[in-house]
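Comments concern the structure below.
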Amino acid sequence: MLLTLERQVVNLEESMGDVKEVLKIVEGCTNKLDLVKGQLKENVEECHSSNMDELQALFNTNLATMMTLNPKIELLERVVVMCRVSMGKKVFGVTPNHDIDVPKSKKFKGVRSIREVDNFLWEMDQYFCAVGIKNDDAKVEKEPGWIKTVNLKSNPTMRVAKGVKLQLDSWTNKETIEVIPLDDYDFLV
309 MLLTLERQVV NLEESMGDVK EVLKIVEGCT NKLDLVKGQL KENVEECHSS NMDELQALFN
369 TNLATMMTLN PKIELLERVV VMCRVSMGKK VFGVTPNHDI DVPKSKKFKG VRSIREVDNF
429 LWEMDQYFCA VGIKNDDAKV EKEPGWIKTV NLKSNPTMRV AKGVKLQLDS WTNKETIEVI
489 PLDDYDFLV
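Numbering (our numbering), first residue to last: 309 to 497.
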């Protein structure tokens with residue numbers, strides 16, 4: 309029995325020796341793994357830091373580009389709105405040229421009838437409609453001023469029509485006409 313026990317002790321010591329060798333190998337591997345783990349951690353932190361620096365540089369570049377483009381985009385948006393408004397109103401920057409036969413007035417004989425004045429005003433309205441001016445304010449401007457009449461009495465100017473084509477005999481010109489009220493006529497030019 310003692311002999312068996314001694315053999316078992318020897319076997320056990322041999323096994324322990326093998327285990328100690330394996331343990332030394334494992335400890336060596338763990339030390340190497342710890343070293344690799346530390347190096348890996350340092351590499352990951354270095355890469356992360358490098359990537360963050362690059363991302364920050366890209367972010368700053370994009371921010372600068374956005375700050376440069378924002379005013380241009382706002383300007384383009386305003387231009388688009390103006391284009392849409394003008395297209396909606398069918399304004400193309402050129403007014404159509406309407407050739408209208410405007411009747412020549414008869415020679416003034418000293419008296420005008422209300423009917424002639426009404427006919428003249430109706431013809432003027434037709435002309436302005438054909439040209440495309442619908443609003444009276446677009447064709448006649450109010451302008452403060454005074455004018456002397458035949459009877460030398462000062463009367464306030466009611467309205468001013470600018471750029472009216474006039475023809476007297478062979479003389480033709482565009483003139484500004486001031487309209488004033490009188491007691492005995494609807495208006496005087």
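For every residue, glycine included, the Cβ atom is placed at its ideal position computed from N, Cα and C.
Own chain partners of residue i with C-beta closer than 6 Å, once the 5 adjacent residues on each side are dropped
| i | result |
| --- | --- |
| LYS473 | LYS482 |
| ASN370 | none |
Close beta carbons around residue i, own chain, < 8 Å, minus the five adjacent residues each side
| i | result |
| --- | --- |
| THR484 | VAL468, ALA469, LYS470, GLY471 and VAL472 |
7 Å Cβ shell around residue i - same chain, five flanking residues per side excluded
| i | result |
| --- | --- |
| MET390 | none |
Straight-line Cα distance separating residue j from residue i
| i | j | result |
| --- | --- | --- |
| GLY336 | ASN351 | 22 Å |
| VAL393 | GLU382 | 17 Å |
| ASN368 | MET375 | 11 Å |
| ASP326 | THR312 | 21 Å |
| GLU362 | LYS349 | 20 Å |
| GLU329 | GLU322 | 11 Å |
| CYS355 | LEU366 | 16 Å |
| ALA372 | VAL388 | 25 Å |
| GLY346 | THR338 | 12 Å |
| TRP430 | GLY440 | 15 Å |
| GLN364 | SER357 | 10 Å |
Expected contact under 8 Å - CB spacing of residue i and residue j to nearest Å
| i | j | result |
| --- | --- | --- |
| GLN475 | LYS412 | 7 Å |
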